[in-house]
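According to this note's numbering, the sequence shown holds residues 65 to 214 in order.
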Amino acid sequence: MDRAARKILIELADLVSAESMKKSASRKSTSPSRLIDARIRALGDWRGELLGRLRILIAEADPDVVEEWKWEVPVWSHAGIICTGETYKSVVKMTFARGAALKDPACLFNSSLKGNTRRAIDFREGGKINGKALKALVRAAVALNQSTHP
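What follows is the structure in structure tokens.
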């Protein structure tokens, strides 16, 4: 691991540590957006690029989206959780909290298909993103959240 990557990982660990300390003053100054920025930088590969692209598409689909940091992963919310952005060695997983209740005409969901609540999309290196369909799915998730939490 080179010096730059090590520095980014240390920065990410510091940010996550600060976020986890409930009574710490630094927690209040560490925004979820900064933690997401740090995660994207720390990945430093196709997963970081992809997570950054997904983040942009979510914001384009819902300009009122709220970025959060829960369970050590990025979370996007509007009247409830829309989705999370998890990164693994071979996939970037976008998990929709109430995905089982969403119509998916473009058949984007390809993971976590058997549960009664969540659905996920696993993005692999070199895979294409159907931005139009993904934005429609995000908008549908927001509408579903708003219908039950006005």
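Even glycine gets a Cβ: it sits at the ideal position worked out from N, Cα and C. Note that the structure is a prediction, hence the values are computed from the model and not measured.
Taking the alpha helix (DSSP H) that residue i belongs to, which residues open and close that run?
i	result
Glu113	Trp110 to Ala125
Terminal residues of the continuous beta strand (DSSP E) containing residue i?
i	result
Arg183	Arg183 to Phe187
Lys192	It is not in any beta strand (DSSP E) - Lys192 carries neither H nor E in the DSSP assignment.
Between the Cα of residue i and the Cα atoms of the options, which residue gives the shortest distance?
i	options	result
Leu201	Arg103, Leu118, Gly191 and Ser95	Leu118
Arg111	Leu99, Val156, Phe160 and Pro127	Val156
Tyr152	Arg98, Ile185 and Val129	Ile185
Ala143	Ile104, Pro96 and Val129	Val129
Which same chain residues, not among the five before or five after residue i, have their C-beta less than 7 Å away from its C-beta?
i	result
Lys196	none
Leu114	Val156 and Phe187
Residue i and residue j look like a contact to me (Cβ under 8 Å); what is the Cβ gap, rounded to whole Å?
i	j	result
Glu150	Lys199	Rounded, the Cβ-Cβ distance is 20 Å, inconsistent with contact.
Arg182	Thr159	6 Å
Trp140	Ile120	About 12 Å separates the two Cβ atoms, so there is no contact after all.
Counting only the same chain and skipping the five closest in sequence on each side, list residues whose C-beta sits under 8 Å from that of residue i.
i	result
Ala164	Gly179, Asn180, Thr181, Arg182 and Arg183
Does the pairing of the segment 187-194 with the segment 203-211 give three or more beta-carbon distances under 8 Å?
no
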